[in-house]
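At position 42 of the sequence shown (counting the first as 1) the number is 54 in my numbering, and the numbers step up by one without a gap. No residue lacks a Cβ here, since even glycine has one placed at the ideal position from N, Cα and C. These notes are about the structure you will find just below.
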Amino acid sequence: TVIAILGLLASIATAAFSTPKASYEKARARRNAQQIATEYNCARAAGLNFTVESDVLATARNVVRGGIATSGAFRGREFKVAGIEIEDVEEAANFLVIHDGELIFQH
């Protein structure tokens, strides 16, 4: 009975600790997606185009890698998303869509 009780407690502990991690990772991916979409729109306003038509993941990776505006008021300014590892972009891409050629955050 002692082994059964320990097994039960271990399964409860595993469930208790795994759920917050999954929730945290989903929230982090959503926040990363918001940052990618925001930087994408700022870059578009400055004349940069990171869009890879019909490929959300490639577009998001382009935004994270960044680019430098070559004309206008933002000439010479670098647009990129700092602090997001390229490996994390795949999870963030689940919250992004390309609609009418624009990258959009989707809840």
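Approximately 46 Å separates the beta-carbon atoms of L108 and I17; this is outside 8 Å, ruling out the contact. Distance from the CA atom of N61 to the CA atom of A34, rounded to whole angstroms, is 33 Å. Comparing alpha-carbon positions, the option among G79, D100, L21, A72 lying closest to F91 turns out to be G79. About 21 Å separates the beta carbons of A104 and A57, which is beyond the 8 Å limit, so they are not a contact pair.
Per DSSP, the continuous alpha helix (DSSP H) segment holding L69 begins and ends at 68–77. Secondary structure note for E114: its beta strand (DSSP E) is the uninterrupted segment 114–117.
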